[in-house]
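Asker:
Number of protein chains: 2
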Amino acid sequence: MADRDPAGSGKSAPVLRDVAQRAGVSVMTVSNVIRDRRDKVSEETWRRVLQAIEDTGYRPNRRGRSLRLQREFAIALTIIHPHERFLDDPYNTELAAGMSNALARRGYALVVNGAPKMQAMKDSLSDMSGVDGSAVMASGDQYNRRELYRLLSRDGRPLVVFQDRAPEDIADICAIRQDDAAGALDLAEVILQSGARSALFVGSTWPWPALEERCAAFRSKLAGRLRFETVAFEESSFSKLVEDLTLYFRAHGPPDALLGGNDQIAIAGMRAAERLGFAVPDDMSVTGYNAFAFREYVEPLLTSVQSPAYDIGAAAADALLTRLETGRFTERELVFGARLTMGRSVTMRP
Amino acid sequence: MADRDPAGSGKSAPVLRDVAQRAGVSVMTVSNVIRDRRDKVSEETWRRVLQAIEDTGYRPNRRGRSLRLQREFAIALTIIHPHERFLDDPYNTELAAGMSNALARRGYALVVNGAPKMQAMKDSLSDMSGVDGSAVMASGDQYNRRELYRLLSRDGRPLVVFQDRAPEDIADICAIRQDDAAGALDLAEVILQSGARSALFVGSTWPWPALEERCAAFRSKLAGRLRFETVAFEESSFSKLVEDLTLYFRAHGPPDALLGGNDQIAIAGMRAAERLGFAVPDDMSVTGYNAFAFREYVEPLLTSVQSPAYDIGAAAADALLTRLETGRFTERELVFGARLTMGRSVTMRP
DNA sequence: CTGAAAGCGCTTACAG
DNA sequence: CTGAAAGCGCTTACAG
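In order, the protein sequence lines correspond to chains A and B. The first sequence lines up with residues 1 to 350 when you count with the working numbering. The second sequence lines up with residues 1001 to 1350 when you count with the working numbering.
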């Protein structure tokens, strides 16, 4: 006989049997009431059971249900991020909030786990048995990302990958991303209009597929038409980034246009310019990417691209739940638009 | 006979029985190997079982284990926040990351759920059966918060409440917060030194116990020594807040010192001042609260108080896990220091 | 050292 | 309409 209350801390929750005893029926009948099978239970019994449920304060135990149905009613969000504080990245918080809300509406739970190191993640990933499927936002080189995706999609668990492409050799997968190339092309157009003759894309030494897409799109549009260069700094802290950029500007002079891989980088560029006495946008235009809430904190307002990250998170939840119901993903790839949002950080040609 | 693969999507995970069959032993023996009971299994059998585990790719199923042990190996973080995008609040993301990392180290999962409305949360809360305990960060009036706490601590589940006091009538609870009063007193001291003759505390119309603490501390120190006033605006969006503050300043003039209930509010105050042509800190000093990463985006650097929110999240995880092991919380209340961090947003008296 | 049995809380057939 | 049985994957006593 197992201990009904191993933590030793008070009354444990009533179970089906408790309700059945009180109502003087079998657990089966109570189960039928719980699952709303009106056709299986007489009016009179139904009432008695409802009363017993109320009296005991019974609520179904997710665990027994899960075990029997082989469904966990939970989805994981896995994040591989350079920082231990993986939720400091607003992209991740938008994804998480979007997923959480969409899942909650359908009675599913969101399990969040992040790790700064791919390896650590792979180890702890050995246990995905608590969820029905997962979504993943990963930095890292292509090889490691794919190995991670394979791990996460083991044992018939469907997987959504964010901001990346679906590897050919994984079948039960859906890739959801924003159209970063299109957004970057829009920004590039703005930069060309501004009359800039040099542009510097500032990325991260950490491999992020989305940043690579943005960079490639910028290059494709700008490379022939102005001096286009790229540089990458370590994603350690904002103040370190400001310092790195300050040193860079001091050594090479500021570009006519600074293209931030994201808004944080762009803002660091603005701070660095300020330190050196350059004005934005008069001495240097700046663009960002993603336009999350904090963009509005800074003057001049950054010209950027609005990320639909929250919607992407919600879409991932919906895609996963539909996949669990139907047995397959409706689409293999889902691409969200990313809309240009103008600020005042780019000079307008007179 | 139940369907081993209800979602119909490929090979399901191997279970104890599969390994046992392959190794030619009973499931018991495999279980003993899994749980590292070397004393219970002979060297020779041990090797055979290990080989079978490797061959089958077996990993223990958390669900069976949970059901048997009556332990979920999961902790919930519940957030009641005015916005649907409850993770946009950096306080919540720090708590979540701190909890997630501390839990992961001990093999526990973090389940995140947020809701904009207390009532919605109470409904969905009916099912806490998937976790061993939970932590909660809630706005709302005292009555609703306490009712929520009672719900969350039902059925012998331990509860950590963030940034609030532990209600007397709940036994199995631990309150963890930062010393907001002390932080506010430090800021008040800075304001007094600045020579300000009027100060305006800007809070939220949403009830947050922590904001109330900060406000009360400011009042206790400043009320007799300068003109101290308070105002609260709706937490809808940053731009709306800037507008509200602009209107307020236009109507009442800017105070000598603006005391933001948090950094976001303080920064909105800086933007509003700027709109009206007031300089910070020359025309108006500004202080914030919490000093999360984005504070560094804005010039002049905000004088604020460093929140240990990440550590608080980690402490919550540790407290809960220790409570689950020992049967009781080590402390009923845990108060973290909140350190003044100077910026350049407050005038220095010559 | 090894295994057959019981049971965690539930649901799915199948009998009455 | 109602119930006894079997089983989801595991672990805890208890026998051999």
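Virtual Cβ for every residue (Gly too), placed ideally from N, Cα, C.
Can you check whether the CB of Asn1061(B) is closer than 8 Å to the CB of Ser129(A)?
Answerer: Translated into positions along the first sequence, residue 129(A) becomes position 129. Translated into positions along the second sequence, residue 1061(B) becomes position 61. Yes, these two residues count as a Cβ contact at 8 Å.
Asker: Could you give the C-beta distance for Asp132(A) and Arg71(A), rounded to a whole number, given that I count them as a contact under 8 Å?
Answerer: Start at 1 with the first residue of the first sequence, and residue 132(A) comes out as number 132. Start at 1 with the first residue of the first sequence, and residue 71(A) comes out as number 71. Confirmed, Cβ separation roughly 6 Å.
Asker: Under 8 Å between C-beta atoms, does Ala74(A) make it to chain B?
Answerer: As a first step, residue 74(A) is located in the first sequence; it is residue number 74 there, counting from the start. Answer yes: the Cβ-Cβ gap between Ala74(A) and chain B drops below 8 Å somewhere.
Asker: Our contact map puts Arg249(A) next to Leu276(A) with C-beta atoms below 8 Å; I'd like the distance itself, whole angstroms only.
Answerer: Taking the first sequence and counting its residues from 1, the one referred to as residue 249(A) is at position 249. Taking the first sequence and counting its residues from 1, the one referred to as residue 276(A) is at position 276. What sits at residue 249(A) in the sequence shown is Phe, not Arg. Contact flag correct, Cβ pair sits at about 6 Å.
Asker: Which residues does DSSP list as the beta-bridge partners of Glu1229(B)?
Answerer: If you number the second sequence from 1, residue 1229(B) lands on position 229. Leu1200(B), per the DSSP bridge assignment.
Asker: For a test of the three-state rule: what should DSSP assign to Arg1177(B), helix, strand or coil?
Answerer: Locating residue 1177(B) in the second sequence gives position 177, where the first residue counts as 1. If DSSP states are grouped into helix, strand and coil, Arg1177(B) belongs with the strands.
Asker: How should Gly107(A) be labelled, buried or exposed, when 16 other C-beta atoms within 10 angstroms of its C-beta is the threshold for buried?
Answerer: Here residue 107(A) refers to the residue found at position 107 when the first sequence is read from its first residue. Classification for Gly107(A): exposed.
Asker: Looking at C-alpha atoms only, which residue of Ser1153(B), Ala1223(B), Gln1306(B) is the closest neighbour of Phe1201(B)?
Answerer: Residue numbering aside, residue 1201(B) sits at position 201 when the second sequence is read from its first letter. Selected option, being the one with the closest Cα: Ala1223(B).
Asker: Under 8 Å between beta-carbons, which chain A residues line up against Asp1282(B)? List them in chain order, please.
Answerer: As a first step, residue 1282(B) must be located in the second sequence, where it is residue number 282. What Asp1282(B) touches in chain A: nothing, since even the nearest Cβ is about 17 Å away.
Asker: For the stretch 48-93 of chain A, which segments carrying the beta strand (DSSP E) assignment without a break, of at least 3 residues, lie completely within its bounds, in sequence order?
Answerer: Counting only runs of 3 or more, we get 74-80.
Asker: Under the assumption that Glu1094(B) contacts Tyr1310(B) (Cβ atoms under 8 Å), give the Cβ distance between them as a whole number of angstroms.
Answerer: Stepping through the second sequence from its first residue, residue 1094(B) is reached at position 94. Stepping through the second sequence from its first residue, residue 1310(B) is reached at position 310. Glu1094(B) to Tyr1310(B), Cβ: 4 Å. Contact.
Asker: Just the chain B side, please: which residues come within less than 7 Å of Gly64(A) by C-beta, in chain order?
Answerer: By one-based count along the first sequence, residue 64(A) stands at place 64. Ordered by position in chain B, the residues that pass the 7 Å Cβ test against Gly64(A) are Leu1067.
Asker: So is Ile267(A) in contact with chain B if we call contact Cβ pairs under 8 Å?
Answerer: Taking the first residue of the first sequence as position 1, residue 267(A) is located at position 267. True, the Cβ-Cβ gap to chain B drops below 8 Å.
Asker: By Cβ distance, which residues of its chain are closer than 7 Å to Leu1185(B), with the 5 residues on each side in sequence left out?
Answerer: Taking the second sequence and counting its residues from 1, one reaches residue 1185(B) at position 185. Excluding sequence neighbours, Leu1185(B) sits near Ala1217, Lys1221.
Asker: Indicate whether the contact test is met: 3 or more Cβ pairs, each with one atom in the stretch 76-95 of chain A and one in the stretch 297-312 of chain A, closer than 8 Å.
Answerer: Output reads yes: the stretch 297-312 of chain A touches the stretch 76-95 of chain A.
Asker: Does the CB of Ser1012(B) have a neighbour CB from chain A at under 8 Å?
Answerer: Position 12 of the second sequence, counting from 1, holds the residue named residue 1012(B). Interface residue, yes.
Asker: Measure the alpha-carbon distance for Tyr41(A) versus Arg22(A) and round it to whole angstroms.
Answerer: Numbered from its first residue, the first sequence carries residue 41(A) at position 41. Numbered from its first residue, the first sequence carries residue 22(A) at position 22. Sequence inspection shows Val at residue 41(A); the Tyr mentioned does not correspond to that position. Cα to Cα, Val41(A) sits roughly 17 Å from Arg22(A).
Asker: Look up Gln306(A) in the DSSP assignment and give the residues it is bridged to.
Answerer: Locating residue 306(A) in the first sequence gives position 306, counting from the first residue. Answer by DSSP bridge pairing, in chain order: Asn290(A), Arg339(A).
Asker: Would you mind working out which of Ala138(A), Gly98(A), Arg105(A), Glu147(A) sits nearest Pro116(A), comparing C-alpha positions?
Answerer: As a first step, residue 116(A) must be located in the first sequence, where it is residue number 116. Selected option, being the one with the closest Cα: Ala138(A).
Asker: Comparing the C-beta of Arg85(A) with each C-beta of chain B, is any distance below 8 Å?
Answerer: As a first step, residue 85(A) must be located in the first sequence, where it is residue number 85. Closer than 8 Å to some Cβ of chain B, the Cβ of Arg85(A) qualifies, so yes.
Asker: Go ahead and pull the three-state DSSP assignment for Gly1114(B).
Answerer: As a working mapping, residue 1114(B) is identified with position 114 in the second sequence. DSSP places Gly1114(B) in strand when its eight states are reduced to three.
Asker: Ends of the alpha helix (DSSP H) at Leu1148(B)?
Answerer: Within the second sequence, the letter at position 148 stands for residue 1148(B). Segment 1142-1152, the alpha helix (DSSP H) holding Leu1148(B).
Asker: Out of Val112(A), Arg323(A), Ala291(A), state which residue places its alpha-carbon closest to the alpha-carbon of Arg85(A).
Answerer: For the purposes of this step, residue 85(A) is identified with residue 85 of the first sequence, where counting begins at 1. Answer by Cα proximity: Val112(A).
Asker: For Gly1261(B), name the three-state secondary structure that DSSP assigns.
Answerer: The sequence position of residue 1261(B) within the second sequence is 261, counting from 1. Reduced to three states, the DSSP call for Gly1261(B) is coil.
Asker: Roughly how many angstroms separate the alpha carbons of Ala1196(B) and Ser1345(B), rounded to a whole number?
Answerer: The count along the second sequence starts at 1 and reaches residue 1196(B) at position 196. The count along the second sequence starts at 1 and reaches residue 1345(B) at position 345. Straight-line Cα distance between these residues: approximately 13 Å.
Asker: Compare the C-beta of Phe1336(B) against all C-beta atoms of chain A and say whether one is closer than 8 Å.
Answerer: Position 336 of the second sequence holds residue 1336(B). By this cut-off, Phe1336(B) is not an interface position.
Asker: Taking the beta carbon of Gln193(A) as the centre, do at least 16 other beta carbons fall within 10 Å, making it buried, or is it exposed?
Answerer: For the purposes of this step, residue 193(A) is taken as the residue at position 193 of the first sequence. Label assigned to Gln193(A): exposed.
Asker: Go ahead and pull the three-state DSSP assignment for Phe1278(B).
Answerer: Looking up residue 1278(B) in the second sequence gives position 278. Three-state DSSP puts Phe1278(B) in coil, outside helix and strand.
Asker: Can you find the residues in the same chain that come closer than 7 Å, C-beta to C-beta, to Val161(A), ignoring five residues on each side of it along the sequence?
Answerer: Walking along the first sequence from the start, residue 161(A) turns up at place 161. Around Val161(A): Val136, Tyr149, Ile173, Ala175.
Asker: Given a threshold of 16 other Cβ atoms within 10 Å of its Cβ, counted over all protein chains shown, does Asp283(A) qualify as buried or as exposed?
Answerer: As a first step, residue 283(A) must be located in the first sequence, where it is residue number 283. Exposed.
Asker: Is it a yes or a no for the stretch 261-272 of chain A touching the stretch 294-304 of chain A, going by three-plus beta-carbon pairs under 8 Å?
Answerer: Result yes; three or more Cβ-Cβ pairs closer than 8 Å.
Asker: Would you say Ser100(A) reaches chain B, if we count a Cβ-Cβ gap shorter than 8 Å as a contact?
Answerer: One-based indexing of the first sequence puts residue 100(A) at position 100. Closer than 8 Å to some Cβ of chain B, the Cβ of Ser100(A) qualifies, so yes.
Asker: Considering only residues of the same chain and omitting the five flanking positions on each side of Ser1307(B), which have a CB-CB separation below 8 Å?
Answerer: Translated into the one-based positions of the second sequence, residue 1307(B) becomes position 307. Answer for Ser1307(B): Tyr1091, Glu1094, Gln1178, Tyr1289, Asn1290, Ala1291, Phe1292, Ala1338, listed in chain order.
Asker: Name, please, each residue of chain A whose Cβ falls closer than 8 Å to the Cβ of Tyr1310(B).
Answerer: Residue 1310(B) sits at position 310 when you count from the first residue of the second sequence. The contacting residues are Arg85.
Asker: Just reading off the alpha helix (DSSP H) that Phe249(A) is part of, what are its end residues?
Answerer: Translated into positions along the first sequence, residue 249(A) becomes position 249. Run containing Phe249(A): 238-252, per the alpha helix (DSSP H) assignment.
Asker: If you reduce the DSSP assignment to three classes, tell me which class Met1137(B) lands in.
Answerer: Counting from 1 along the second sequence, the entry for residue 1137(B) is found at position 137. Met1137(B): strand per DSSP, three-state reduction.
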